[in-house]
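Participant:
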Amino acid sequence: MDFIGKRKIFFIISGLIILAGLIAYILPPTGLNYDLDFQGGTALRINIGQDFSDEDIQAVVKPIVKEAIGKENVTVQKTGDNKTEVYIRTYEVDTETRDKIFEAVRDKYSLEQEALLESTNVSATASAKLITDAFKAIGLAVIFMLIYIVIRFNVRSGISAVLALIHDILVMLSVYSIFRIPVNTSFVAAVLTIVGYSINDTIVIFDRIRENAKKERRLGFSEVVNMSLNQTIARTVNTSLTTLFTILTLYILGVASIKEFALPIIIGIIVGTYSSMCIASPIWALLREKTGKKNAKSKQLKTKKAY
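Here my numbering is used: the first residue of the sequence shown is 2, the next is one more, and so on.
#1: So, do the region 262-276 and the region 195-215 have three or more beta carbon pairs nearer to each other than 8 Å?
#2: Taking the C-alpha atoms as reference points, what is the distance between Lys7 and Met278?
#3: Using the rule of at least 16 other Cβ atoms within 10 Å of the residue's Cβ for burial, across every protein chain shown, is Gln51 buried or exposed?
#4: Please state whether DSSP places Val87 in a helix, a strand or coil.
#5: Three-state secondary structure (DSSP) at Ser120?
#6: What residue ranges within the region 191-254 form continuous alpha helix (DSSP H) runs of no fewer than 4 residues, ordered along the chain?
#7: Since I believe Ile47 is in contact with Ala116 (beta carbons under 8 Å), could you give me their beta-carbon distance rounded to a whole number of angstroms?
#8: Please report the distance separating the alpha-carbon of Phe222 from that of Asp3.
#9: At the level of alpha carbons, what is the spacing between Ile190 and Ser175?
#10: Using CA coordinates, which residue listed in Tyr177, Ile65, Glu113 and Asn155 is at the minimum distance from Lys101?
#11: Can you find the residues in the same chain that come closer than 6 Å, C-beta to C-beta, to Ala257, ignoring five residues on each side of it along the sequence?
#12: Under 6 Å Cβ to Cβ from Thr80, same chain only, skipping five residues before and after it: list those, please.
#13: For Met228, collect the residues of the same chain with a Cβ closer than 8 Å to its Cβ; drop the 5 residues on either side in sequence, then sort them by chain order.
#14: On the DSSP bridge list, what partners appear for Ile47?
#15: Considering only their Cβ atoms, is the gap separating Ser178 from Ala44 smaller than 8 Å?
#16: Count the other C-beta atoms from every protein chain shown that fall within 10 angstroms of the C-beta of Glu261, then say buried if there are 16 or more, exposed otherwise.
#17: Comparing alpha-carbon positions, which option in Leu230, Phe39 and Arg209 lies nearest Phe1?
#18: Helix, strand or coil for Gly42, going by three-state DSSP, please let me know.
#19: Taking 8 Å as the CB-CB limit, is Ser241 close to chain D?
#20: Quickly, what does DSSP pair Thr80 with across the bridge? List them, please.
#21: Excluding five sequence neighbours on each side, which residues of the same chain lie with their C-beta closer than 6 Å to the C-beta of Leu302?
#22: With distances taken from CA atoms, which of Ile284, Val192 and Arg181 is nearest Leu171?
#23: Within the continuous alpha helix (DSSP H) that includes Val272, where are the two ends?
#24: Less than 8 Å between the C-beta atoms of Thr76 and Leu33, yes or no?
#25: Could you check which residue in Ile10, Ala21 and Tyr35 has the C-alpha nearest to that of Phe187?
#26: Please report the Cβ distance between Ile10 and Val226, rounded to the nearest whole angstrom; I am assuming they are in contact, meaning their Cβ atoms lie under 8 Å.
#27: Can you name the residues that DSSP bridges to Val75?
#28: Need the endpoints of the alpha helix (DSSP H) that Tyr110 sits in, please.
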């Protein structure tokens, strides 16, 4: 397959996805759909003492929250050793509404007052700090990846790899923006995981490019990259599919908290595999071609001056 010949198509596809994400970000409701982790909110942990369904809890809690703040965003998660405790999260509400939420659950399951194990509010200020720290963590990860790639290969490879990582993050954010998927701490953890996963695929390909560049000196830069990509495509795709099927199983069979983590991983694996082959390597070839042209021009100028 001619990856380099089709690089404009790959760049356009990525550009359109990111553009669509940017438009979705700007249009009302503006911004990403931040979950309670990043917006602040109220959390209650209640010991039900028996098996229960998430839907039953939401059915009694949502009307109370909607009446209080006009929104019914409620997250319900089973916790505890025997999964008999419920962790309820919603937007920040006053003490009266918190009491109503507990009373509704208490009455449904005939609980005592002691069943309320925890009742807390997370302020918007604390959530803003969490967002800042999350972006710092992602930024530091990208910087360290750049340093590692530059040391192992060269500056050109480092720039290509980091641009591919930024591409992965932007595409993931675009998907979340377009489909209004809630962004929470699980998303940040997943992004950091995907950054490491994606860079691993890129390193394997760059290793093969370096190896082939030494062996096949008669070939041009584009031909070397195409050869290397075609030699590693089976390994890259098979590894990604194996991981993808495992994460898909977790997403299908897992509880809500597992699904929150698995979804961005699934998106990231697909995007990371695509960028390693269709973004990072073509960018490397593009930079190498430009460097080669500059060197050729410099030699021509030196030759003219000599005459």
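We put the beta carbon where it would ideally sit given N, CA and C, even for glycine. As the structure is a prediction and not an experimental result, all values here were calculated from the model.
Facilitator: In terms of the structure at hand:
#1: yes
#2: Each residue's CA atom was taken as its position, placing Lys7 and Met278 some 11 Å apart.
#3: exposed
#4: strand
#5: strand
#6: For the region 191-254, whole alpha helix (DSSP H) runs of length 4 or above, ordered along the chain, are 222-254.
#7: About 5 Å; that satisfies the 8 Å criterion.
#8: 13 Å
#9: The sequence as given places Ala at residue 190; Ile does not occur at that position. About 17 Å.
#10: Ile65
#11: Gln78
#12: Glu86 and Tyr88
#13: Asn213, Glu217 and Leu220
#14: Val87 and Leu117
#15: Between Ala44 and Ser178, the C-beta gap is not smaller than 8 Å, which leaves the two residues out of contact.
#16: buried
#17: Coverage of the chain is limited to positions 2 through 308, which leaves residue 1 absent and any answer about it impossible.
#18: Three-state result, Gly42: strand.
#19: Absent from the structure: chain D. Only one protein chain is present.
#20: According to DSSP, Thr80 bridges with Glu86.
#21: Confidence at Leu302 is low in this model, with a pLDDT of 47, below 50, so the placement of that residue should be treated as unreliable; the coordinate-derived value is given next. Cβ within range, chain order: n/a, list empty.
#22: Val192
#23: Ala257 to Ser276
#24: The answer is no: Cβ separation not under 8 Å.
#25: It is Ser, not Phe, that sits at residue 187 in the sequence shown. Here the closest residue by C-alpha is Tyr35.
#26: At roughly 16 Å, the Cβ-Cβ gap does not stay under 8 Å, so Ile10 and Val226 are not in contact.
#27: As DSSP reads the structure, Val75 sits in a beta bridge with Thr91.
#28: Thr96 to Tyr110
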